[in-house]
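Heads up, the thing below is written out as structure tokens.
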Amino acid sequence: MKNVTGRLTRFYTPKAVMGEMVITLEDGEIETFKTVEKPWRDNEVSNSCTPEGIYTVKRHHSPTHGECFKIQDVHGRTHILIHVANQESEVEGCLGIGTEFGTSYNVTRSRDAMRRLLSRVVVTEFTLTVTAYRAEQP
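Numbering (this note's numbering), first residue to last: 1 to 138.
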């Protein structure tokens, strides 16, 4: 059995940061989700997306968001969660998760996506690599 790993590839806009999170499960199966975050604002607490990097993500119970995941050891930040949220205005430095991109800087079916993530990722922690989308050069 392999470890669970994730890769979040993001596209930055002035209104929101949109991403695709691909989770490779222990059995090698892949789950794909869409994400929405605040725009990059120099890592400002509660008002900026998570900096690019490699993080440990742990299962977490939030009094506000219920069962979710917490991104550990983000420089200068605490309590960065992956939780139910469909649009940038519903996160405060966290990641909203959905099944598809919506039509206006949002994601859809966030509760469905979180249920799927919680049911498929049965380990207590996994590694998440956060990067920016970079178009391949011909």
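Ideal placement from N, C-alpha and C gives every residue a C-beta, glycine not left out.
Short of 7 Å in beta carbon distance, which residues of its chain neighbour residue i, apart from the five on each side in sequence? Order them along the chain.
| i | result |
| --- | --- |
| Glu90 | Gly96 |
| His60 | Cys68, Phe69, Lys70, Leu81 |
| Arg77 | Asn43, Val45, Gly93 |
| Gly53 | Val130 |
| Leu118 | Glu67 |
| Arg41 | Asn47, Ser48 |
Give a yes or no on whether the C-beta atoms belonging to residue i and residue j are separated by under 7 Å.
| i | j | result |
| --- | --- | --- |
| Lys34 | Phe126 | no |
| Thr50 | Gln72 | no |
| Leu25 | Val130 | no |
| Thr99 | Ala113 | yes |
| His151 | His79 | With the chain represented from 1 up to 138, any question about residue 151 goes unanswered, as that position is not in the structure. |
Report the partner residues of residue i according to the DSSP bridge assignment.
| i | result |
| --- | --- |
| Gln87 | Asn106 |
| Arg59 | Phe69 |
| Gly6 | Ile23, Leu128 |
| Thr35 | Gly19, Ile97 |
| Gly53 | Val130 |
| Leu81 | Lys70 |
Please classify residue i: is it buried, with 16 or more other beta-carbons within 10 angstroms of its beta-carbon, or exposed?
| i | result |
| --- | --- |
| Arg111 | exposed |
| Asn3 | exposed |
| Ala132 | exposed |
| Lys58 | exposed |
| Gly28 | exposed |
| Gly19 | buried |
| Arg10 | buried |
| Val121 | buried |
Might you give, ordered along the chain, the residues of its own chain that have their beta carbon closer than 6 Å to the beta carbon of residue i, omitting 5 neighbours on each side?
| i | result |
| --- | --- |
| Ile23 | Gly6, Glu31 |
Does residue i have its Cβ less than 7 Å from a Cβ in chain C?
| i | result |
| --- | --- |
| Lys2 | Of the protein chains in the structure, only one exists, and it is not chain C. |
Only counting the same chain, and skipping five residues up and downstream in sequence, which positions put a Cβ closer than 8 Å to that of residue i?
| i | result |
| --- | --- |
| Lys38 | Ala16, Val17, Asn47, Ser48, Cys49, Glu88, Val91, Glu92, Gly93 |
Legend entry - Three or more C-beta pairs below 8 Å linking the stretch 27-42 and the stretch 101-120: Contact between the stretch 27-42 and the stretch 101-120 is present: three or more C-beta pairs spanning the two stretches fall below 8 Å.
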